[in-house]
Amino acid sequence: MADRYWRGTNSTWTDTANWSTTPTGSTGSAAPASTNDVYILSGDVDIDAYDASAVDLNSLTIGGQFTGKIKGLKVAVSGTTIINCVNDVNIAPGTNNIDDLRVYSTGGATVRLFAGAGVVTACQLASGTLVRESGCTITTMHNAGGTLIDSGGTAYTTLNAKGGVTITQIGATTLNATARVIATGASAFTTANIDRGSTFTHNAYGTIGTITVFPGGIATTAPAGTITAGGTTVTGASQPFTVTNSTEWLGGSLFRDANASITYSNATTRIGKTGA
Amino acid sequence: MPKYFTRLSGTGAFAASGSWASATTLASALTIGSNCAPPTSNDEAYILVGKCNISNSLNTSGFTGALTIGPGFAGTIGTAAGSALDFPSGVLKVQHSGTGAFVNFKGTVSRYDILGTGPAYIKTSTFLSGSTVYVGPGANVEFDTGAKPEKVYNAGGFVSCGTSGAVDVTNHDGTFESQGPITGTLDVRGGDAVVYNTATVSNVYVGNGARYNHASVGTISFVEVYPNGTAVDRGAPGPFTVTGGNIWPNASLFQNPQVTITYTNPIGRRGMP
């Protein structure tokens, strides 16, 4: 597996003048091909959009001293993709998946998974802002401390909102929340677990199949409005929405808002509580 | 102006003038090679690229700033035998995002951010009150016997504490384990946590879907297991004592009949008739 280091003499991904096999070696190496380990670590020249869909890298690392923007790179990565950026990065999976994406951007940078039919198998957001455009699928999303916002696309299979703020317009098959979650638009959830430390705002009209609010968790609605993060604005939709099954624990709060318009298909199970 | 470590391969030295360049960018620093003293005072120091094994001149005395190890660094820091990069003067922050086989640290650090896929080993250290260790998803950090972190936030990595244990730990996800006591609070909000041997635990909270394993004979002062949380005692080497606690419905609290547990106070039942 060969290394490719971005040297950034111009903005063209495929120009051999931009690539070398070592951080300080001569440029003139071929642009990254499948199985390469690619490092974009320094320089301030923006990288123009390029579709390398057929390429499946071994790894891709974007470091915090690269201060340019990546304006749209479409590529698959079999191993780990690390985005530790200080400026905006637009990226999308190629023909094959991005298997393991880890984002810890800083300084207001936004990582954008742009529209397309690609799949990110697992994504971990530690810090910074990650925006997912419509079309891009993330199978398992783990927000540990950043701002995650999506503007469409396929529902997450599993959305673990463990830290930071998660804003979704689509929802998830399973939501496990211990942090702030704001669901807007058509967001729907097959299962939503709202745990201690989480405030889950369902400002959406999508159905919630089964929601459980555990002790210390809060599920609420909010007035319609707009929420902006990462340069993307999503519009919240007002109720009504349907909740098929629900459980509210002692110490938890399930949609107690006075103005909420919710249809409960089945009576709420209340555990450790008396009365409504 | 930041200082960049510019040795890219072979064996390197941290506190050596020939290893560092002061420049506005990494690219400039790599071109310069070396032009400055090693990090000192409140410098911002960066190790961002290359596969150098930094195993010499590991005492950073006088350096009190911040060290950032970027994801493009695939080398090692310290030695496989255990020598560590030492921060005797107290640095503000160490951020590790590297991917190498290991990095070893010790000394006084106000904040660690361990984010990279390369494991970090933290040797004998002083953790001041309020100092924090943040462990990102997929990261791996191991504290040595002489290191007792103040506040640990595990967001999905693997954290292992030695016989000194830790003060406060919040395990949002991933795995936390300790050979020593937890003298503050172990809040297992997700993932798994386990304590071994004779480790005592002052307060342990086990949330929905989380699992706590008390594989120890040490006393638990207070345990609360929330709905769908699980507290087990798999591998406990003998009897232990629980001073107080609460259990919620659908939670499981020490169901293993083979371990004798002495409850000095009744366990409160929350959310039950």
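Protein chains in written order, with this note's numbering: chain A, 1 to 276; chain B, 1001 to 1273. Even glycine gets a Cβ: it sits at the ideal position worked out from N, Cα and C.
*Decide if Asp56 (chain A) is buried, meaning its Cβ has at least 16 other Cβ atoms within 10 Å, or exposed.*
Buried is the call here.
*Ile70 (chain A) versus A:Asn97, A:Leu41 and A:Ser59, residue with shortest Cα-Cα distance*: When each option's Cα is compared against that of Ile70 (chain A), the closest is A:Leu41.
*Is the number of C-beta pairs between the stretch 15-27 of chain A and the stretch 60-80 of chain A that are closer than 8 Å three or more?*
Here the stretch 15-27 of chain A does not lie against the stretch 60-80 of chain A, with fewer than 3 beta-carbon pairs under 8 Å apart.
_I'd like to check one pair, Leu130 (chain A) with Leu159 (chain A): are the Cβ atoms closer than 7 Å?_
Taking a C-beta distance under 7 Å as the contact criterion, Leu159 (chain A) and Leu130 (chain A) do not qualify as a contact pair.
*asked:* My assumption, with CB atoms under 8 Å, is that Leu1085 (chain B) sits in contact with Asn1056 (chain B). Please give the rounded CB distance.
replied: Distance from Leu1085 (chain B) to Asn1056 (chain B) at the Cβ level is roughly 11 Å; contact not present, criterion being Cβ atoms closer than 8 Å.
*Mind checking the stretch 81-114 of chain A against chain B and listing, in chain order, the residues whose C-beta falls within less than 7 Å of any C-beta there?*
Listed by position, the residues of the stretch 81-114 of chain A near chain B (Cβ gap below 7 Å) are Ile82, Asn84, Arg102 and Tyr104.
*asked:* Among the candidates B:Phe1014, B:Val1049 and B:Thr1126, whose CA atom is the shortest distance from the CA of Ile1077 (chain B)?
replied: Closest by alpha carbon: B:Phe1014.
*Tell me, to the nearest whole angstrom, how far the beta carbon of Lys1003 (chain B) is from that of Pro1039 (chain B); I am working on the premise that it is less than 8 Å.*
Going by Cβ atoms, the distance from Lys1003 (chain B) to Pro1039 (chain B) rounds to 5 Å, so yes, they are a contact pair.
*chain A contacts made by the stretch 1094-1127 of chain B, where a contact means CB separation under 7 Å*: Within the stretch 1094-1127 of chain B, the qualifying residues are Ser1097, Leu1115 and Thr1117.
*Within the 7 Å Cβ cut-off, does Val1186 (chain B) reach chain A?*
A quick correction: the sequence has Leu, not Val, at residue 1186 (chain B). Chain A has no Cβ within less than 7 Å of the Cβ of Leu1186 (chain B).
*Quick one: residues in its chain with C-beta nearer than 6 Å to the C-beta of Gly107 (chain A), no 5 flanking neighbours on either side, listed in chain order?*
Val86, listed in sequence order.
*Just the C-alpha distance for Ala161 (chain A) and Leu1186 (chain B), rounded to the nearest angstrom, thanks.*
Taking the CA atoms as reference points, Ala161 (chain A) sits about 20 Å from Leu1186 (chain B).
*At 7 Å on the CB atoms, spell out the chain A contacts of Asn1208 (chain B), in chain order.*
Asn193, Asp195 and Phe214, listed in chain order.
*Can you give the Cα-Cα distance for Lys1148 (chain B) and Ser1131 (chain B), rounded to whole angstroms?*
The straight-line gap from Cα to Cα measures roughly 11 Å.
*Expressed to the nearest angstrom, what Euclidean distance is found between the alpha-carbon atoms of Asn176 (chain A) and Ile182 (chain A)?*
Taking C-alpha positions only, Asn176 (chain A) is separated from Ile182 (chain A) by approximately 13 Å.
*asked:* With a threshold of 7 Å between beta carbons, is Pro1237 (chain B) in contact with chain A?
replied: Pro1237 (chain B) does not count as touching chain A.
_By the three-class DSSP mapping on this structure, what secondary structure does Ala17 (chain A) have?_
Looking at Ala17 (chain A) - three-state DSSP - the assignment turns out to be helix.
*For Ser1009 (chain B), name the three-state secondary structure that DSSP assigns.*
Three-state DSSP puts Ser1009 (chain B) in coil, outside helix and strand.
*Nonlocal neighbours in the same chain, by C-beta distance under 6 Å from Thr1167 (chain B), ignoring five residues either side*: In the sequence as displayed, the identity of residue 1167 (chain B) is Val instead of Thr. If we look at Val1167 (chain B) and ignore the five residues flanking it on each side, its Cβ neighbours are Glu1150, Thr1183 and Gly1184.
*For a contact meaning CB atoms closer than 7 Å, what does Tyr1212 (chain B) contact in chain A?*
Correct list: empty, because the minimum Cβ distance to chain A is about 15 Å.
*Which bits of chain A does Gly1271 (chain B) rub up against, with CB to CB less than 9 Å?*
The contacting residues are Pro215, Trp249, Leu250, Gly251, Ile271, Gly272 and Lys273.
*Can you give the Cα-Cα distance for Tyr1226 (chain B) and Pro1249 (chain B), rounded to whole angstroms?*
Between the alpha carbons of Tyr1226 (chain B) and Pro1249 (chain B) lies a distance of about 8 Å.
*What does Cys1161 (chain B) pair with, by DSSP beta-bridge criteria?*
Its beta-bridge partners are B:Ser1178.
*Given that His142 (chain A) touches chain B, what residues does it touch there, using C-beta distances under 8 Å?*
Listed along the chain, the chain B residues whose CB falls inside 8 Å of the CB of His142 (chain A) are Pro1137, Gly1156 and Asp1173.
*Just confirm the distance between the C-beta atoms of Pro1071 (chain B) and Thr61 (chain A), as a whole number of angstroms; I'd bet it's less than 8 Å.*
Contact between Pro1071 (chain B) and Thr61 (chain A) is confirmed by a C-beta separation of about 5 Å, below the 8 Å threshold.
*Buried or exposed by the 16-neighbour rule on C-beta atoms within 10 Å, applied to Leu1115 (chain B)*: With 16 or more other Cβ atoms inside 10 Å of its own Cβ, Leu1115 (chain B) counts as buried.
*Inter-residue Cα distance where the pair is Asp1113 (chain B) and Ser78 (chain A)*: If I take the Cα positions, the gap works out to 26 Å.
_Quick check on Ile47 (chain A): buried or exposed, where buried means 16 or more other Cβ atoms within 10 Å of its Cβ?_
Buried.
*asked:* With a threshold of 7 Å between beta carbons, is Gly43 (chain A) in contact with chain B?
replied: Judged by the 7 Å Cβ criterion, Gly43 (chain A) is in contact with chain B.
*Proximity below 7 Å, CB of Arg1189 (chain B) to CB of Gly1207 (chain B)*: Contact check for Arg1189 (chain B) against Gly1207 (chain B) passes: the beta carbons are separated by less than 7 Å.
*Express the C-alpha separation of Gly217 (chain A) and Thr244 (chain A) in angstroms, rounding to a whole number.*
Spanning the alpha carbons of Thr244 (chain A) and Gly217 (chain A) requires a straight line of approximately 19 Å.
*If you draw a straight line from the alpha carbon of Gly209 (chain A) to that of Phe189 (chain A), how long is it in whole angstroms?*
Cα-Cα distance, rounded: 6 Å.
*Over the uninterrupted alpha helix (DSSP H) stretch that includes Ser26 (chain A), give me the two end residues.*
It is not in any alpha helix (DSSP H) - Ser26 (chain A) carries neither H nor E in the DSSP assignment.
_Proximity of Tyr219 (chain A) and Phe241 (chain A) at Cβ, strictly below 7 Å_ = For the sequence presented, residue 219 (chain A) should be read as Ala rather than Tyr. No; because the gap between Cβ atoms is not below 7 Å, this pair is not in contact.
*Per DSSP, cross-strand counterpart(s) of Arg1111 (chain B)*: Arg1111 (chain B) has B:Lys1093 and B:Thr1132 as its beta-bridge partners, per DSSP.
_Less than 6 Å between C-beta atoms, sequence neighbours within five positions excluded: which residues of the same chain meet that for Ala1155 (chain B)?_
Excluding residues within five positions, the ones whose Cβ falls inside 6 Å are Gly1136, Pro1137 and His1172.
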